[in-house]
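Protein chains in written order, with the working numbering: chain A, 1 to 802; chain B, 1001 to 1340.
Below is one structure; the comments refer to it alone.
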Amino acid sequence: MRVSMKWLKEYLDINISAEELAEVLTRGGIEVEGVEYLNKGFENVFIGELIELQSHPDAEKLQVCVADIGREQLTIVTGAQNIRLGDKVPVAVPGAVLPGGKEIKPVKLRGIESNGMLCSAKELQLEGVGLDRSKDGILILPPEAPVGTPLEKYLGLNDQVLELELYPNRPDCLAMVNVAREVGSLLGKKPVLPEWAQGEVPIWPEEIKQKVEIENPELSWRYSALLVEDVVIKPSPLWMQNRLRAAGIRPINNIVDITNYCMLEMGQPLHAFDRDKLKGAIRVRLAQEGEKIITLDGMERNLDPDMLVIADDNGPVAIAGVMGGLETEVTHQTTRVLFESAHFLGASIRRTSRKLGLRSESSSRFEKGVNPYWTVSTLGRVAELLLELEAGVPMTFTEKVAYLPPEVAIELKMANVNNVLGVDYSEKDVEQVLEALNFAYRKQPGGIYLVNIPTYRQDLRIEEDLIEEVARIQGYDRIPTTLPSGSQTQGRRTPEQAFRLHLRKLFIQAGMDEVLTYSFVKKEQDDLWGTGQSIPLLNPLREELAIMRTSLIPGLLEIASRNTARRNTDLLLFEIGNVYWPKELPLKELPREVTKIAGLVQGQSKRHWLAPQVKYDFFYLKGILDEVARASGMEFTYRRLTSEKYQKLLHPGRSAEIVLQGEVIGFIGEIYPQLDEEWGLERPVLFELDFAALFRNCNLTIRAKSYPRFPAIQRDLAVVVPDGVAAENIKKRVKELGGELLKEVEIFDVYKGESIPKGHKSLALSMRYQSEERTLTDEEVNSIYTAILQAIQQEFGAEWRK
Amino acid sequence: MREEIQRIKQETLKQLEMLKSPAELQELKVKVMGKKGSLTALLKQMGSLSPEERPKMGQIINEVRNQLEKAWELKEKELEKEALAKRLEEERIDISLPGFYRPRGHRHPLTKVIEEIEDIFLGMGFTIAEGPEIETDYYNFEALNLPKDHPARDMQDTFFITEDILLRTQTSPVQVRTMEKLKPQLPVKIIAPGKVFRHDDDATHSPMFHQVEGLMVDKGVRMSDLKGILLYFSRQMFGENREIRLRPSFFPFTEPSAEVDVSCILCGGEGCRLCKGTGWIEILGSGMVHPRVLEAGGYNPKEVTGFAFGMGVERIAMLKYGIEDMRLLFDNDIRFLEQF
């Protein structure tokens, strides 16, 4: 809602700046988005009369004119062709900076000094002003425009507009008279409002010939109409045009302008029909299957049976509350007009407007809720303006009332005000608010007020609504700061929440960067990596964000790809997030939301003068996962992929299923050759793990053990084995053979090369022997060592490498 | 003999002066005092002296010996010192070279902010509640006093999956879900962080973003308590000197409702570019839980009251870390992420 300060001051005696008022309103709960100075750029623009006009002697396309701007006569060279001698035009004098930023200076044009500029409507950013000829160039003002007057004064631009950002609970402030009431309440001033603004109903003779039927009273409670004769269509007066423009509405003609003007004043949308084009009774009804209407904007609209229309005997003449029909439009030939002032149910208008993709000032007001009590008094204002503007003669009146909601009274208890707000207000404080709001009330014993709610405040329905009114008019600053006095509670994370935090911390400690990606992804990619059963959105933003992900991998690939394209090629990324698995499609109940942890590594560690670079490969990632498992009291095992799906996505020789307690809980692997190229990546290694499975198996309890008091003996063993032998199996067997005394076995070197036969690899193991009871002897350890060596020689075809 | 002793002494001291290494020192020592050393040799000749002379001579030799020992000791220390100084000089490194470190990983800034918010409220006795990201129309709207076709639904553009299933547009549905689960227990004191979705994508809106919801329901909860809790939170989050102010606002699920501003974290309230000269920055929406919402959660609004609030995590992260473009948060460029 755009509120003109000048217009507001007509109802309210206030003397504060637009900015100050904006602050008062914002602090009072009516947010002001901005203050617009309508005269910006008009400071040096005056109305001038062209008293001389001739061709430029040295330029075919230019004209030289003398403009009389009252205090002086200026010679101006112009390229305009639409001007005539005696025209009244806007003249920008040197020093002017037009709304578009153009600066006016004296210039010489083909030898003639030009001391200003004649302005076009476009240069002044004005629309719908001036004579018809204006569209071809310079803005031509009506002949009665007073010479020498600043243009801003003539057009009423010495005004500021507050742009109100209204919440859905305050549709009343879509009416100037209610804005005046609101400002009055906040400033403690009483607005002076005419009778029609109080909801007073004028008395007219009833029109008998015009029948009105409301067929759907649940969607339209009231339909009132004013019949007007001897209509003269002409432009509305300048003051009305100026106010409409300030409010952001383009002036059309006196009749249309009156409907818009009254709507701005009273919040009641109106529509004007050419009465001679209406046939028979007016029916407010739902559209019938197959009905169509051409609306005022010239578009043919197909109507659905749940859309409310205004129809005459021939069919729909308007889409109720949204837009009128072209056929019954008021034109220059119109002499009899029917002004409609009706109530339509917001929800219905909202649905219709959405379905048609058609919004209007009217529909947006009906959607938010229009006061059904004011239909007739608004027509009273229409009648007043018609006479004032000599635009027509109000003759008769007709209406149908199907329902009027009962007037509301709310009990407001002092005790509740103080208890809910945590304040200590006196009865005087509360009464002060009710009076500022101009609400009638009756005081009852026990600190109870019975408050009558005016019909325009449809947002006030329960006691809490009134408590807010008290708080807001007294000012939220009066509410003190306290702390809850109830019983003490302990805040802590659930074990699951704590475990999620724990995992995140571990991955970060391992050097991985956390990323956050959208939950919706492109279907093709998700089908590839996920379950293939994804939930589509009905209204996705775009195809790339069309379905709810079933895997985190595509999001990670996307991020890796973007980073790699920007030459961030060394990546250690992970994400913890949900994937969405439907139980059935289309969705009948909420899907399972499954938390996954996934990651992607690529490239290598940074170069450093002191240390060699480490590749971010399968083993780098596996090491991180194993450490995460260890730090969570678990141990992962790895086995070759069994899933056919992943065999096509991951390098078959460089991938594994991750197994925990016999259950496959995820995978790790290098991306399948060539798939990486599609993303512009280079051999990234991926993993995905199931959070719930990790949580089920984790053990974060720490039981500390003391360290042995007796020295350990360290032995290394190097063997050459065929490539096919898994290092893990040798390690396991060594551990078994070593028995209790062998505390630790690690593979510390893997070597293939010159001195090793083809198809073989050399493994070096380090072993730590230790007893908790005594110091071990070399002989003891040697005999175990020999036994181990012999066994693995036999079992694995291993050869001892000295 | 006496001259001989003095001569050895003088000569040795002289040679000692010129010595350069511990090895030379040892060599000299052997030459003078070793088994075949010059001084030792003199001692051996003592047998040829008269019994009167013998003790005198012995004393002289011993004196010389002690003197030389001392001189040696001194020289030894001096040489050690020199050697150490030399070693220190040789071992000098270029301390300007970069040190070695293992790069740490980084929390996403949004996670970082969420964890921080969680910790502040955990400290005030709140627990953390969670709810589904794919929600029913009932929990996301209807139970929050937003019936179908209510104009307030326009405040949030919604992604739909079916007519009744949608991506939650706010974390507020967790309010009713939590109350249903806990009723009739009191107090209810939760925060609910999580992802939310709105059909919007431009420089200042992301189709997915994060909110943290807060809810407290108990007997006698007051709006002043809401103010107190939020003031404490704002100071923990943005610094001890912060103030807050409440402005009347509208949310369908609270009454009274309030927008909460914090005194500008950049200028402290003087007015600057960040706060557009107002000295205040809007950080969250809040209010007293609407009676209908309490009812939907299974509590009697005549017996209990509550407050609720909701904040945008992206906005807080941007304010806290001085991030000017929200898109950076979802771009996931590691050069950006590595700052956190």
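Glycine residues also receive a C-beta, built at the ideal position from the N, C-alpha and C atoms.
| field | Residues near W239 (chain A) in its chain [Cβ-Cβ closer than 7 Å; skip 5 each side] | value | Taking the first sequence and counting its residues from 1, the one referred to as residue 239 (chain A) is at position 239. So the qualifying residues of the chain are G156.
| field | Rounded separation between V393 (chain A) and E49 (chain A) - CA only | value | Counted from its first residue, the first sequence places residue 393 (chain A) at position 393. Counted from its first residue, the first sequence places residue 49 (chain A) at position 49. The straight-line gap separating the alpha-carbon atoms of V393 (chain A) and E49 (chain A) is approximately 37 Å.
| task | Note down, in chain order, every chain B residue with its Cβ under 8 Å from the Cβ of W609 (chain A). | result | What you label residue 609 (chain A) is simply residue 609 of the first sequence in a count that begins at 1. Simply L1097, P1098.
| said: Rounded to the nearest angstrom, what separates D276 (chain A) and R336 (chain A) at their Cα positions? | reply: Along the first sequence, read from residue 1 onward, the residue named residue 276 (chain A) stands at position 276. Along the first sequence, read from residue 1 onward, the residue named residue 336 (chain A) stands at position 336. Using only the alpha carbons, I get a separation of about 6 Å.
| field | Contact residues within the segment 511-544 of chain A, judged by C-beta distance below 9 Å to chain C | value | Structure shown: chain C not included; protein chains present are A and B.
| For S643 (chain A) and S771 (chain A), the rounded distance between their alpha carbons | Position 771 of the first sequence, counted from the start, is the residue given in the question as residue 771 (chain A). Position 643 of the first sequence, counted from the start, is the residue given in the question as residue 643 (chain A). Cα to Cα, the separation comes out at about 44 Å.
| message | Less than 7 Å between CB atoms is the rule here; does E1314 (chain B) satisfy it with respect to chain A? | response | The residue labelled residue 1314 (chain B) in the question sits at position 314 within the second sequence. So no, E1314 (chain B) is outside the interface.
| Member of A:D159, A:F520, A:E218, A:Q198 whose CA lies at the smallest distance from the CA of L308 (chain A) | For the purposes of this step, residue 308 (chain A) is identified with residue 308 of the first sequence, where counting begins at 1. The shortest C-alpha separation from L308 (chain A) is found at A:E218.
| query | So what does DSSP say about N82 (chain A), is it helix, strand or coil? | reply | Taking the first sequence and counting its residues from 1, the one referred to as residue 82 (chain A) is at position 82. Coil at N82 (chain A), not helix or strand.
| query | Which one of A:R365, A:I784, A:T78 has the shortest CA to CA distance from E113 (chain A)? | reply | For the purposes of this step, residue 113 (chain A) is identified with residue 113 of the first sequence, where counting begins at 1. For E113 (chain A), the nearest C-alpha among the options comes from A:T78.
| said: Only counting the same chain, and skipping five residues up and downstream in sequence, which positions put a Cβ closer than 7 Å to that of K443 (chain A)? | reply: Position 443 of the first sequence, counted from the start, is the residue given in the question as residue 443 (chain A). These residues qualify, in order along the chain: Y449.
| query | So what's R1177 (chain B) in DSSP terms, helix, strand or just coil? | reply | Counting from 1 along the second sequence, the entry for residue 1177 (chain B) is found at position 177. Residue state, collapsed to three classes: helix.
| said: Taking 7 Å as the threshold (beta carbon to beta carbon), is F1253 (chain B) in contact with chain A? | reply: One-based indexing of the second sequence puts residue 1253 (chain B) at position 253. Chain A, which has no Cβ nearer than 7 Å to the Cβ of F1253 (chain B), makes this no.
| request: Measure the C-alpha to C-alpha separation of K1029 (chain B) and R1007 (chain B) and round it to an integer number of angstroms. | output: Here residue 1029 (chain B) is taken as the residue at index 29 of the second sequence, counted from 1. Here residue 1007 (chain B) is taken as the residue at index 7 of the second sequence, counted from 1. Computed Cα separation, rounded: 16 Å.
| request: Name, please, each residue of chain A whose Cβ falls closer than 7 Å to the Cβ of V1221 (chain B). | output: For the purposes of this step, residue 1221 (chain B) is identified with residue 221 of the second sequence, where counting begins at 1. Among the residues of chain A, those whose CB is under 7 Å from the CB of V1221 (chain B) are P484, following chain order.
| query | According to the neighbour-count rule (16 or more other Cβ atoms, all chains shown, within 10 Å of its Cβ), is N15 (chain A) buried or exposed? | reply | Locating residue 15 (chain A) in the first sequence gives position 15, where the first residue counts as 1. So N15 (chain A) counts as exposed.
| Any C-beta of chain A sitting closer than 7 Å to the C-beta of M1018 (chain B)? | Taking the first residue of the second sequence as 1, we reach residue 1018 (chain B) at position 18. By this cut-off, M1018 (chain B) is not an interface position.
| query | So, N1332 (chain B) versus P1252 (chain B), is the Cβ gap smaller than 7 Å? | reply | Locating residue 1332 (chain B) in the second sequence gives position 332, where the first residue counts as 1. Locating residue 1252 (chain B) in the second sequence gives position 252, where the first residue counts as 1. Their beta carbons are not under 7 Å apart, which means N1332 (chain B) does not touch P1252 (chain B) by this criterion.
| Thinking C-beta only, is A287 (chain A) closer than 7 Å to P305 (chain A)? | To locate residue 305 (chain A), count along the first sequence from 1; it is residue 305. To locate residue 287 (chain A), count along the first sequence from 1; it is residue 287. It is a contact, given that the beta carbons lie within the stated cut-off.
| said: Quick check: the Cα distance between R654 (chain A) and V725 (chain A), rounded to an integer number of angstroms? | reply: For the purposes of this step, residue 654 (chain A) is identified with residue 654 of the first sequence, where counting begins at 1. For the purposes of this step, residue 725 (chain A) is identified with residue 725 of the first sequence, where counting begins at 1. Using only the alpha carbons, I get a separation of about 15 Å.
| field | Touch test, the segment 574-581 of chain A against the segment 525-537 of chain A, Cβ-Cβ under 8 Å, three pairs minimum | value | Yes, since at least three Cβ pairs between the segment 574-581 of chain A and the segment 525-537 of chain A fall closer than 8 Å, the two stretches touch.
| said: By the three-class DSSP mapping on this structure, what secondary structure does P495 (chain A) have? | reply: Translated into positions along the first sequence, residue 495 (chain A) becomes position 495. If DSSP states are grouped into helix, strand and coil, P495 (chain A) belongs with the helices.
| request: For E361 (chain A), collect the residues of the same chain with a Cβ closer than 8 Å to its Cβ; drop the 5 residues on either side in sequence, then sort them by chain order. | output: Taking the first residue of the first sequence as 1, we reach residue 361 (chain A) at position 361. Counting only Cβ-Cβ distances below 8 Å, and skipping sequence neighbours, we find I249, N260, M263, P269.
| task | Following the continuous alpha helix (DSSP H) through C262 (chain A), name the residue where it begins and the one where it ends. | result | Locating residue 262 (chain A) in the first sequence gives position 262, where the first residue counts as 1. 254-266 is the extent of the alpha helix (DSSP H) around C262 (chain A).
| task | Pick helix, strand or coil for R567 (chain A), following the three-state DSSP scheme. | result | The count along the first sequence starts at 1 and reaches residue 567 (chain A) at position 567. R567 (chain A) falls in the coil class under three-state DSSP.
| task | Could you tell me which residues DSSP pairs with K596 (chain A) in its beta bridges? | result | As a first step, residue 596 (chain A) is located in the first sequence; it is residue number 596 there, counting from the start. DSSP output for K596 (chain A) lists A:G577, A:D690 as bridge partner(s).
| request: State the DSSP-derived secondary structure class of T1136 (chain B), mapped to helix, strand or coil. | output: Position 136 of the second sequence, counted from the start, is the residue given in the question as residue 1136 (chain B). T1136 (chain B) falls in the strand class under three-state DSSP.
| said: Here's the rule: buried if 16 or more other CB atoms are within 10 angstroms of the residue's CB, otherwise exposed. What is G111 (chain A)? | reply: Locating residue 111 (chain A) in the first sequence gives position 111, where the first residue counts as 1. Burial call: exposed.
| request: Taking 7 Å as the cut-off, decide whether the C-beta atoms of K105 (chain A) and P90 (chain A) are in contact. | output: Here the question's residue 105 (chain A) lines up with position 105 in the first sequence. Here the question's residue 90 (chain A) lines up with position 90 in the first sequence. Contact: no.
| query | Since F1209 (chain B) meets chain A, which of its residues come closer than 9 Å, beta carbon to beta carbon? | reply | The residue given as residue 1209 (chain B) occupies position 209 in the second sequence. Those do not exist, as F1209 (chain B) stays about 10 Å from chain A at its closest Cβ, beyond 9 Å.
| task | Flag N438 (chain A) as yes if its beta-carbon sits less than 7 Å from any beta-carbon of chain B, otherwise no. | result | For the purposes of this step, residue 438 (chain A) is identified with residue 438 of the first sequence, where counting begins at 1. By this cut-off, N438 (chain A) is not an interface position.
| request: Taking 7 Å as the cut-off, decide whether the C-beta atoms of P1193 (chain B) and I1095 (chain B) are in contact. | output: Taking the first residue of the second sequence as 1, we reach residue 1193 (chain B) at position 193. Taking the first residue of the second sequence as 1, we reach residue 1095 (chain B) at position 95. No, these two residues do not count as a Cβ contact at 7 Å.
| field | Y403 (chain A) in three-state terms, based on DSSP | value | Start at 1 with the first residue of the first sequence, and residue 403 (chain A) comes out as number 403. DSSP places Y403 (chain A) in coil when its eight states are reduced to three.
| field | Cα-Cα separation, V1217 (chain B) to S1172 (chain B) | value | In the second sequence, counting from the first residue as 1, residue 1217 (chain B) sits at position 217. In the second sequence, counting from the first residue as 1, residue 1172 (chain B) sits at position 172. Taking the straight line from one Cα to the other gives about 14 Å.
| request: Can you tell me which of B:K1302, B:S1206, B:H1106 puts its alpha carbon nearest to the alpha carbon of T1158 (chain B)? | output: The sequence position of residue 1158 (chain B) within the second sequence is 158, counting from 1. Measuring C-alpha to C-alpha distances from T1158 (chain B) to each of B:K1302, B:S1206, B:H1106 identifies B:S1206 as the nearest.
| Limits of the unbroken alpha helix (DSSP H) element including Q1015 (chain B) | Along the second sequence, read from residue 1 onward, the residue named residue 1015 (chain B) stands at position 15. Residues 1002-1018.
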